[in-house]
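>
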Amino acid sequence: MQTKDKTETHLPQVQEQRNDGLPLDLSWVKAVQANTSAIERRAATLPGRRSIKKDYQAAWLLKAISLMDLTTLAGDDTEGRVRRLCAKARQPVRPDLLATLDMEGLTTGAVCVYHDMVPTAVDALRGSGIPVAAVSTGFPAGLSPFHLRIAEIGESVAAGAEEIDIVITRRHVLQGNWQALYDEMAEMRAACGTAHVKAILATGELGSLRNVARASLVCMMAGADFIKTSTGKEGVNATLPVTLTMIRAIRDYHQRTGLRVGYKPAGGISKAKDALVYLSMIKDELGDRWLQPDLFRFGASSLLGDIERQLEHHVTGGYSAGWRHAIG
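Just so you know, we're using this note's numbering here: the sequence shown kicks off at 103 and counts up by one.
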């Protein structure tokens, strides 16, 4: 395979028809339930159900890199830090390791930054094919005036962001005000224009898995291209029970509408072995089609470093210190 083909294979390629949504169906929403004990039992078995070793493990870890939104969302972000992050997105693993694994051209799925850093990231990624994702709408709490949240989306799109990670108003879910959540999500989707929108549910603040399932469904009805677990700033972020709940909502939505919606777990996924569990769950519950960057992403900052350490161990037989694989 030529290098050109590898680049075309591993850079994110949007292929799926967008989810244009459908009118809010409250009877469908209110019929949604979540058997918490059964979901938790199923989730508890997942880490021990798959044993992936050697070449197979390396292949899955390389896949995980291609599905990663490499992220920096710190109050002390600088242009230099964002440029280093973008350089890491372009070359996520040492060139010699990728050459040995016959995977030259591998990149991450996107780079995710605050709105203020969008122009810097766009410039640093120019020509790479890697999209910039911006967190928007008063991230992480989502409590700024609504017209300002909508304006922020427009500013990020105008600055070059191709993906917008929005946050929903949690009280709409906690109060069961599904019409308000639908209207909010639909207006945010419209403000994104051609940019794809990821709806962050902040699942650790929604109170129950039933609320998670219903909020997932309402956001999809309103046109979300992705549903995402968390901002990474909550006390509880991505978990296996929440993931199982959300991807089963995605499966139900697809079965009823024929539309595929993406999924992004974010916050707390920092180990390669955890990434393998999430990927195996997606494969089991949704199928191979969801193991592509247009339908699955990891929201990650430290995950890449551990994956690179595991890949070096696969190639050389020895583990290296974490500082050898720092992002910047």
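Backbone N, C-alpha and C define an ideal beta-carbon position, used for all residues, glycine too.
Measure the alpha-carbon distance for Pro149 versus Gly207 and round it to whole angstroms.
Each residue's alpha carbon lies about 30 Å from the other.
> Indicate the three-state DSSP secondary structure (helix, strand or coil) for Phe241 in the structure shown.
Looking at Phe241 - three-state DSSP - the assignment turns out to be coil, as it is neither helix nor strand.
> In its own chain, which residues sit with a C-beta less than 6 Å from the C-beta of Val338, not counting the 5 before and 5 after it?
The residues are Gly306.
> Kindly indicate the opening and closing residues of the alpha helix (DSSP H) around Tyr284.
Unbroken alpha helix (DSSP H) run through Tyr284: Trp280 to Cys294.
> Counting pairs of Cβ atoms below 8 Å between the stretch 259-269 and the stretch 296-316, do you hit three or more?
The stretch 259-269 is in contact with the stretch 296-316.
> Below 8 Å on the Cβ atoms is my contact criterion, and I expect Leu346 with Arg144 to pass it. Report the Cβ-Cβ distance as a whole number of Å.
That pair is a contact at about 6 Å.
> Measuring straight from C-alpha to C-alpha, what distance separates Leu187 and Asp354?
Taking the straight line from one Cα to the other gives about 36 Å.
> In whole angstroms, give me the CA-to-CA distance for Val259 and Gly240.
Val259 and Gly240: Cα-Cα distance of roughly 15 Å.
> Could you give the residue range of the beta strand (DSSP E) that holds Gly401?
It spans Phe400 to Ala402 - the beta strand (DSSP E) in which Gly401 sits, taken as one unbroken run.
> Taking the C-alpha atoms as reference points, what is the distance between Trp130 and Gly309?
Taking the straight line joining both Cα atoms gives about 20 Å.
> Pick from Val215, Ala136, Glu410 and Pro125: whose alpha carbon is nearest that of Glu181?
With distances taken between Cα atoms, Glu181 lies closest to Val215.
> Any idea if Arg362 is buried or exposed, counting beta-carbon neighbours within 10 angstroms, 16 or more meaning buried?
It counts as buried.
> Helix, strand or coil for Ala235 per DSSP?
Of the three classes helix, strand and coil, the one that applies to Ala235 here is strand, per DSSP.
> I'd like to know if the stretch 214-231 and the stretch 187-196 are in contact, where contact means that at least 3 CB-CB pairs between them fall below 8 Å.
Touching, yes, given that three or more Cβ pairs across the two stretches are closer than 8 Å.
> CB Phe328 to CB Gly364, shorter than 7 Å?
Yes.
> In whole angstroms, what is the alpha-carbon distance linking Ser238 and Ser403?
So the two alpha carbons sit approximately 18 Å from each other.
> Could you give the distance in angstroms between the alpha-carbon of Gln193 and the alpha-carbon of Gly360?
Looking at the two C-alpha atoms, the distance is approximately 36 Å.
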